[in-house]
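Counting from 1 along the sequence shown, just add 14 to a position and that's the residue number in the numbering used here. Virtual Cβ for every residue (Gly too), placed ideally from N, Cα, C.
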Amino acid sequence: MPSGEFFTVDEQNEIAKSIAAAEAASDVNFSLFVGELENGRKEAIDLHSKLANSSATILVCVDLQNFAIEIVTGSYASATVDDQVCRLAAISMANAFAINDFVGGISQAFSVLGAHAYRPRSMTDV
15 MPSGEFFTVD
25 EQNEIAKSIA
35 AAEAASDVNF
45 SLFVGELENG
55 RKEAIDLHSK
65 LANSSATILV
75 CVDLQNFAIE
85 IVTGSYASAT
95 VDDQVCRLAA
105 ISMANAFAIN
115 DFVGGISQAF
125 SVLGAHAYRP
135 RSMTDV
């Protein structure tokens, strides 16, 4: 199911803002897929590999029909976002989803991921 079939325009805008905030705080890209993952993680990895600049991209996949969450990090992105951070983001989503707060859960996940994929400030940024 494309996200447009599940989320209103306002909800899509709220999710887009959370993605933009995560990207602004980090040096990686973020992407979201909402739909059925027939082959689970394998399909999520295939989707991630098709993204532009996939090594620096974190893909969050949410399959609401099968109650599945998959987070795939590229090789560059995984340097700052490890499996533990991905688990924390997934738990944040699952907790919000349990009370039917899908937008809040997705937004919280991007907040967690963005906070850990932060762009360190250099001395030249001062």
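If you scan the stretch 82-111 from start to end, which runs of the beta strand (DSSP E) of 3 or more residues do you find wholly inside it?
82-87
With DSSP as the reference, label Asn-43 as helix, strand or coil.
-> strand
### Within 7 Å, strictly: CB atoms of Gly-88 and Thr-71
yes
Next on the checklist: In the DSSP assignment, the alpha helix (DSSP H) including Ile-29 goes from what residue to what residue?
Outcome noted: 23-38
- Span separating the alpha-carbon of Val-23 from that of Leu-127: 23 Å
Assuming Ile-113 is part of the alpha helix (DSSP H), what are its boundary residues?
Segment: none, Ile-113 is in no alpha helix (DSSP H) and carries neither H nor E.
(Q) Only counting the same chain, and skipping five residues up and downstream in sequence, which positions put a Cβ closer than 6 Å to that of Leu-46? (A) Val-74
Q.
Please state the DSSP three-state secondary structure of Phe-20.
A. helix
Between the CA atoms of Phe-111 and Gly-119 - distance to the nearest angstrom
6 Å
Q | Beta-ladder partner(s) of Ile-72, from DSSP | A | Phe-44, Thr-87
Sequence-distant residues of the same chain with beta carbon closer than 6 Å to Glu-28, five excluded per side: Val-117
query = Going straight from the alpha carbon of Thr-94 to that of His-130, what length do you get?
reply = 6 Å
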